[in-house]
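Visitor: Residue numbers (this note's numbering), protein chains in the order written: chain A, 961 to 1225; chain B, 70 to 336; chain C, 988 to 1324.
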Amino acid sequence: MSTRLYWEIGKRAFQRQLAYRTANLAGLFTNACFGYLRGSVFIALYQTERSIGGYDVSAAVTFTWVTQALIMVVFLWGWWDVEETIRTGDVVSDLAKPFSYLGFWLARDYGRALYHLLFRCCPILLIGEVMFGLRWPTSPVTWAALALSLTLAVAISFAWRFTLNLTAFWTTDARGIGGLASILSTLLCGLLVPLPYFPDTVRRVVEALPFAGILQIPADVFLERVTGAGLLLALGQQALWAGVMLGATQLLVMAATRRVVVQGG
Amino acid sequence: MIRHAALYARLVGARGRGQMQYRLSFATLVLASVLVTLAEFLVVVVIFGRIPHLAGWSLGEVAVLYGLSAISFAMAEMFAAGFDVFPRQIVQGTFDRVLTRPLGAFFQVLASELALRKIGKVAQGAAILVYAQHSLAVHWSPERLVVLALTVVSGTAIFFSLIVICATSCFWTVQANEAVNVLTNGGTAMISYPLDIYHAWLRRLATFVVPLAFVSYYPALYVLDRADPLGLPAWVGFLSPVAAAAFGFLAWTVWSVGVRHYQGTGS
Amino acid sequence: MQPGDEPVPLIEVDELEKTFRVARHHQGFFGAFRNLVSREYREVRAVGGITFAIEAGEMVGCIGPNGAGKSTTIKMLTGILVPSAGRVEVFGMVPHRRRTDVARRIGVVFGQRTQLWWDLPLVESLDLLRYIYRVPESRFRENLDQFRALLDLDPFLNTPVRQLSLGQRMRGDLAAALLHDPEIVYLDEPTIGLDVVAKHRIRDFLRRINRERGVTILLTTHDMIDIEQLCSRLLIIDHGKLLYDGGLEKIRGRFGTERTLVVDLAEGEVEDSAPLAVLYAREVRADGPRRWLRFSRDDTTAADLIATVASRYRLRDLSIEEPEIEAIIRRIYEGNW
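Below, the structure is given as C-alpha cells:
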C-alpha cells in the first residue's frame, strides 16, 4: 500500500486537532503549572545536594519541563479512540478496509503527535525557559537524535496504548484496566521522577523496560546525558522495543480480526 | 433539613444502585484511586532514598503533609462528585431539568452522585499518616488532636468549595475545564510538599486567596512543633475552620452568581 | 359576574423579550488566545415582545420553525430563564423569582431529554419523583395506577430506562411529569421522533388528562396533526414574534383566502399545453386535461368561478381544494399571505 495514503491519514489527524484550540490552551496552562510546581520541588531537593542520580539542579529542572512538555506528544493518559470504535461496533468496517489497520492508527497518531509537538511541547519549553531557564542541547547531532528518539517514543507509547485499547475485544472493562496500567506506565516512564533516582537495583530493571523509551530516554537525549556510543545504545533500545511491541500489537490485531470474523462483531 | 438529608440518602442510593450494574468497573476504580496515591507517595519515598531532608523536612514530616492533603482531597472528591460531572450536565443541557424541580439547584447537583470509590484513597491517606506517626512518634496532646480533627473536616470543606468553584466556571465556558482543574489537582500536588519551597507569591495565594495552606501546611507546622519560616504565630494552625468557613461562603456566592448567569443566558 | 371578577389567567405573558449575547469567536491559534482575553458580543433576540394569556383548562399548541423562540418562551414560563424585558406571571407569581414554588405546581416534558434516571427501572424513577415532589403515598398510588392503565406502562415498568424505546420512554416521562398533580404541563415537542401508533397513544392520553383532570396544557410541536387533534387554540411564533393567536378554524378564514378549483376538461376541449384563461383565477398547475386554478375569496366566489369556467369550457369533473393548514402556516412563516 502506498505511503501516500498514510501520509494523507496523518495529515487529516493533524488538521483534526486544530479544532481543539481552546482545550489545548487549557492543557498548556495545566502543564505549565505542574512544570512550575515540580520544578520548585526539584530546586528544593538540591538545597543540600549537588548531584542526585547523576542530575545536577539545572538538569533536573530541565528534565521536569521536558517531560511535562512531552506528555501530550506521547499521549500518556486517556487515549481511548480505538476502544470507542470497538464498543460502538465501528471497528468491523475499519478492519475490513483495504489497508493495514495498525498502520492506519499509527499514521493518525503521528499526525496528532506532530500537532502536540508544535502546539503543546514547544510552548511549554519556552515557558519553562522563561520561568526557570533550561539547559538546551548544544550540538546539532543532539537535535537530530532527539527527532529520531521522539519518533520511536511515540511508536512505543502508541503500541502500549493500542494494546490497552484492544483489550476491549475481550473485556468490557478496558478503560478500568487501562487506567490501572497507565498508573504503572506513568511511574515507570520517568514523568514523576527521573528513573536514575530509583535505588540502583530497581533502577537497572526499570531503565531496561519499554516505558523508559517513552519519556526518560528522549529527555536524556535532550539533556545530552547520553552521547556517542551511549546515544546509539539508547536509540537502539528504543528501536528494539518499538519493533517488538508493534509486532506484538500486530499479532493482537490478527487475533482480534479472527474473533470478529468468527463472532461477527 | 431532615427531609433534605433523607432525600439525599434516597437520591444517592438510587444513583448507587444504578452504578452497581457496572460492578467490575467499581472495583477497578477503587483500586486505581488507591494506586495513584500509592504511586505518588512512592515517588516521595524514592526521593528520600537519595536525600535525608527536603528543605529541612524529613520523610515522616512530609508524610504528614501528604496524608492530610490526600485525605481531605479524597473526602471532598467523594462528596462533591456531582460537581465533578456537572460540566456534562451543562453540555448536554440537562441542567434545565434541575431548574424545573422544586428543590435547590445546589442540593440537586450535590445529591446527583456520591463517589464511594474514593474511600480507598481516604484509607490510603490515613495509612500514610500512620506511617508518619510510626517514623516521628509525635506526642498527641489534646490540643494537637483537636487541630488534627479540625484540619481534616476543614480541609475537606476547603477542597469541596474549590471543586464547586471550579465547576461553576462551566456556567461561562466548559472548554477551559482542564485549566480550571489545575486548582484542585495542582493544589493537592502543591500542598503535599512544605510550602516554603515555593515563591512567596504562591504561599500568599495559598493562604489568602485559595486557602489550601490550611489543609495541611499550617496545621502540620503546629502538630510537628515547627516554626513558620515566614514568622506566622503557631495559633495559625487553629485557623483552618475559619479559612474553610470564609472559602465556603465564597464558593456559595460564586455558585449563586453562576446559576443566575445561566438563567440569564441559557446554555 | 362583576367586572373585576373575571377569572385570572393561569399564565400571563406581556411584551415578553429575551435577548442573548453570543460571543463572536476568533479563528486560528492566536484567535483562541484572543477569545480568552477579550470577547466581542452580538445580540440575538430570541423572543421579541410576545403577549398572550392562557386560562385554566385550556389546551394550547405552539408551533414555529426551529429557533423561532418557542423553547425560550417555555423556559421563561418555567423559570429556567430570566426574561430580558416584559412580564411573565404563572399562578400570579414571577417564575424565576419563585422558581421552586412554581415548580411544585407544574410538570415539564422535554421531548428530546428524559427526566428519568437512566440506569434505573422506570418504577424507581417514579418513586424518587414522589419524594422530590412530596406526593402523599395514597395519591401516588392512585395516579400511578391510572397512568399504568392509560399509558400501558406495565410491560416496561421494571426495565432500566436506557433500554426503553423512544415511545416507551416518552410514556414514562409523561407519567413522571404528572405524578404530582400539576395544574399546568408544558410539553416541548412531546411527539418528536415517534411512530404513528405512539403518537396516537400520547395524544389520547393528553386529551384525557386535559378533559378529566382539567390540566392546562401548553405544547410545542412541528407536527400539525398534534395541533389539529388536540388544541382548540394555536400560537404561531416565528423570529421571536407571535404571528397568530386564535382558533384553528379562524386561521383558515383569515389566512387561507386562496382556494384551488380543480377541473378535468372534456376530451379535445383545449390543446394540452394551452393554459385556461379565466378572470380572477390563474392556472397554477396542469396535468393533461386536469387543471388547477387558484382563486381568492376577495375576488370571486366559488360558484361564480365555476359558472364562468363551465360557460367557456366543457368539463367532465370538478372539485375545490381547501388549503392545507400546513401550507397556510408555511406561507405565514414566509410572510406572504
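By construction, the Cβ of each residue, glycine as well, lies at the ideal position given by its N, Cα and C atoms.
Measuring from the CB of Arg-213/B, is there a heavy atom of the ligand GDP at a distance below 7 Å?
Guide: In terms of ligand content, the structure shown is empty, and the ligand GDP therefore cannot be addressed.
Visitor: List, in order along the chain, the chain A residues whose C-beta lies closer than 8 Å to that of Gln-244/B?
Guide: Taking the second sequence and counting its residues from 1, the one referred to as residue 244/B is at position 175. The answer, in chain order, is Thr-982, Ala-983 and Ala-986.
Visitor: For the segment 294-310 of chain B, enumerate the residues whose C-beta is nearer than 7 Å to any C-beta of chain C, in chain order.
Guide: none
Visitor: Checking the sheet assignment: what are the DSSP bridge partners for Trp-126/B?
Guide: Locating residue 126/B in the second sequence gives position 57, counting from the first residue. DSSP, once it has assigned bridges, lists Leu-123/B as partnering Trp-126/B.
Visitor: Taking 7 Å as the limit between beta carbons, can you name the residues of its chain near Ala-143/B, skipping five residues before and five after?
Guide: Walking along the second sequence from the start, residue 143/B turns up at place 74. Same-chain partners within the cutoff: Lys-187, Lys-190, Val-191 and Gly-194.
Visitor: With a threshold of 8 Å, are at least 3 pairs of Cβ atoms found where one atom belongs to the segment 1090-1102 of chain A and the other to the segment 1179-1191 of chain A?
Guide: With a cut-off of 8 Å, the segment 1179-1191 of chain A and the segment 1090-1102 of chain A count as touching, because enough Cβ pairs lie within range.
Visitor: Going along the chain, which residues of its own chain have a beta-carbon closer than 6 Å to the beta-carbon of Trp-1104/C, five neighbours each way excluded?
Guide: Translated into positions along the third sequence, residue 1104/C becomes position 117. Excluding positions up to five away in sequence, the list reads Ser-1112.
Visitor: Please classify Thr-1132/A: does DSSP put it in a helix, a strand, or coil?
Guide: Counted from its first residue, the first sequence places residue 1132/A at position 172. In the structure shown, Thr-1132/A sits in coil (DSSP, three-state: anything other than H, G, I, E or B).
Visitor: Between Gly-162/B and chain C, is the shortest Cβ-Cβ distance under 8 Å, so that the two count as touching?
Guide: As a first step, residue 162/B is located in the second sequence; it is residue number 93 there, counting from the start. Gly-162/B has a beta carbon lying within less than 8 Å of a beta carbon in chain C.
Visitor: Is the beta carbon of Ser-1000/A closer than 8 Å to that of Tyr-286/B?
Guide: Taking the first residue of the second sequence as 1, we reach residue 286/B at position 217. Taking the first residue of the first sequence as 1, we reach residue 1000/A at position 40. Result no, Cβ atoms of Tyr-286/B and Ser-1000/A do not sit closer than 8 Å.
Visitor: Which residues of the segment 151-183 of chain B have a Cβ closer than 7 Å to any Cβ of chain C? Give them in chain order.
Guide: Hits within the stretch, in order: Gly-162, Thr-163, Asp-165, Arg-166, Leu-168, Thr-169, Arg-170, Pro-171 and Leu-172.
Visitor: Considering Tyr-996/A, what are the terminal residues of the beta strand (DSSP E) in which it resides?
Guide: Your numbering for residue 996/A matches position 36 in the first sequence. Careful: Tyr-996/A lies outside any beta strand (DSSP E), inside the alpha helix (DSSP H) at 981-1005.
Visitor: Note down, one range per segment and in chain order, each alpha helix (DSSP H) of at least 4 residues found wholly within the segment 210-264 of chain B.
Guide: 211-237, 246-249 and 251-260
Visitor: Quick one: is Gly-118/B near chain A, going by C-beta distance under 8 Å?
Guide: As a working note, residue 118/B is residue 49 in the second sequence. Closer than 8 Å to the CB of Gly-118/B there is at least one CB belonging to chain A.
Visitor: Are three or more beta carbon pairs between the segment 1227-1238 of chain C and the segment 1192-1212 of chain C nearer than 8 Å?
Guide: no
Visitor: Within 10 Å of its beta-carbon, does Leu-1193/A have 16 or more other beta-carbons around it, so buried, or fewer, so exposed?
Guide: In the first sequence, counting from the first residue as 1, residue 1193/A sits at position 233. So Leu-1193/A ends up on the exposed side.
Visitor: Looking at chain B, which residues of the segment 1044-1069 of chain A have a Cβ within less than 9 Å of any of its Cβ atoms?
Guide: none
Visitor: Is Asp-165/B closer than 8 Å to Lys-957/C when the C-beta atoms are compared?
Guide: Nothing can be reported for residue 957/C, as the shown portion of chain C is limited to 988 through 1324.
Visitor: Span of the alpha helix (DSSP H) holding Leu-1153/C?
Guide: To locate residue 1153/C, count along the third sequence from 1; it is residue 166. Looking at the DSSP string, the run of the alpha helix (DSSP H) that includes Leu-1153/C is 1153-1165.
Visitor: Note down, in chain order, each residue of its chain lying with its Cβ closer than 7 Å to the Cβ of Cys-1081/A, except the 5 sequence neighbours on either side.
Guide: Along the first sequence, one-based indexing puts residue 1081/A at 121. These residues qualify, in order along the chain: Ala-1029, Leu-1030 and Val-1033.
Visitor: Any chance you could list the alpha helix (DSSP H) runs of at least 4 consecutive residues sitting entirely within the segment 1010-1065 of chain A, in chain order?
Guide: 1017-1030, 1041-1048 and 1051-1056
Visitor: Going by beta carbon distance, what residues of the same chain come within less than 8 Å of Leu-123/B, once the five residues before and after it are set aside?
Guide: Translated into the one-based positions of the second sequence, residue 123/B becomes position 54. So the list reads Ile-116, Phe-117, Val-131, Tyr-262, Pro-263 and Ile-266, once near-sequence residues are dropped.
Visitor: In whole angstroms, what is the alpha-carbon distance linking Leu-1144/C and Ile-1223/C?
Guide: For the purposes of this step, residue 1144/C is taken as residue 157 along the third sequence, with counting starting at 1. For the purposes of this step, residue 1223/C is taken as residue 236 along the third sequence, with counting starting at 1. Taking the straight line joining both Cα atoms gives about 37 Å.
Visitor: Tell me whether the beta-carbon of Gln-977/A lies closer than 8 Å to the beta-carbon of Tyr-1075/A.
Guide: Here the question's residue 977/A lines up with position 17 in the first sequence. Here the question's residue 1075/A lines up with position 115 in the first sequence. Taking 8 Å as the cut-off, the Cβ atoms of Gln-977/A and Tyr-1075/A count as close.
Visitor: For Ala-1072/C, does the three-state DSSP call read helix, strand or coil?
Guide: Taking the third sequence and counting its residues from 1, the one referred to as residue 1072/C is at position 85. Looking at Ala-1072/C - three-state DSSP - the assignment turns out to be strand.
Visitor: Closer than 7 Å, Cβ to any Cβ of chain A: which residues of the segment 248-271 of chain B, in chain order?
Guide: Ala-248, Val-251, Gly-255, Ala-258, Met-259, Tyr-262, Ile-266 and Tyr-267
Visitor: Step through the CB atoms of chain B and report whether any lies within less than 8 Å of the CB of Gly-1180/C.
Guide: Within the third sequence, residue 1180/C is the residue found at index 193, counting from 1. Not one chain B Cβ lies under 8 Å of Gly-1180/C.
Visitor: Start and end of the beta strand (DSSP E) containing Ala-184/B?
Guide: Within the second sequence, residue 184/B is the residue found at index 115, counting from 1. Note, Ala-184/B: premise wrong, no beta strand (DSSP E); not H, not E.
Visitor: Does the Cβ-Cβ distance between Gly-1201/C and Arg-1220/C come in under 8 Å?
Guide: Along the third sequence, read from residue 1 onward, the residue named residue 1201/C stands at position 214. Along the third sequence, read from residue 1 onward, the residue named residue 1220/C stands at position 233. Contact flag unset, no.
Visitor: How is the beta strand (DSSP E) around Phe-1097/C delimited, first residue to last?
Guide: To locate residue 1097/C, count along the third sequence from 1; it is residue 110. 1093-1097 is the span of the beta strand (DSSP E), which, as asked, contains Phe-1097/C.
Visitor: Return the residues of the segment 1083-1111 of chain C that lie within a Cβ-Cβ distance of less than 8 Å from chain B, sorted by chain order.
Guide: For chain B, the residues of the segment 1083-1111 of chain C that bring a beta carbon within less than 8 Å of one of its beta carbons are His-1083, Arg-1086, Thr-1087, Asp-1088, Ala-1090, Arg-1091, Ile-1093, Val-1095, Phe-1097, Arg-1100, Gln-1102, Trp-1104, Trp-1105, Asp-1106, Leu-1107 and Glu-1111, in chain order.
Visitor: So, using beta-carbon positions, are Pro-171/B and Arg-1091/C closer together than 8 Å?
Guide: On the second sequence, residue 171/B is found 102 positions in, with the first residue counted as 1. On the third sequence, residue 1091/C is found 104 positions in, with the first residue counted as 1. Going by C-beta atoms, Pro-171/B is nearer than 8 Å to Arg-1091/C.
Visitor: Go ahead and pull the three-state DSSP assignment for Met-70/B.
Guide: For the purposes of this step, residue 70/B is identified with residue 1 of the second sequence, where counting begins at 1. Coil at Met-70/B, not helix or strand.
Visitor: Since Arg-1194/C is in the beta strand (DSSP E), which residue starts that stretch and which ends it?
Guide: Start at 1 with the first residue of the third sequence, and residue 1194/C comes out as number 207. Element bounds for Arg-1194/C: not the beta strand (DSSP E) but the alpha helix (DSSP H), 1183-1200.
Visitor: Candidates Leu-1200/A, Val-1042/A and Leu-1078/A: which alpha carbon is nearest Ala-1113/A's?
Guide: Against the first sequence, residue 1113/A aligns to sequence position 153. Ala-1113/A has its Cα closest to that of Leu-1200/A, out of Leu-1200/A, Val-1042/A and Leu-1078/A.
Visitor: What does Arg-86/B reach in chain C if we use C-beta pairs closer than 7 Å?
Guide: Along the second sequence, read from residue 1 onward, the residue named residue 86/B stands at position 17. Those within 7 Å of Arg-86/B in chain C are Leu-1107.
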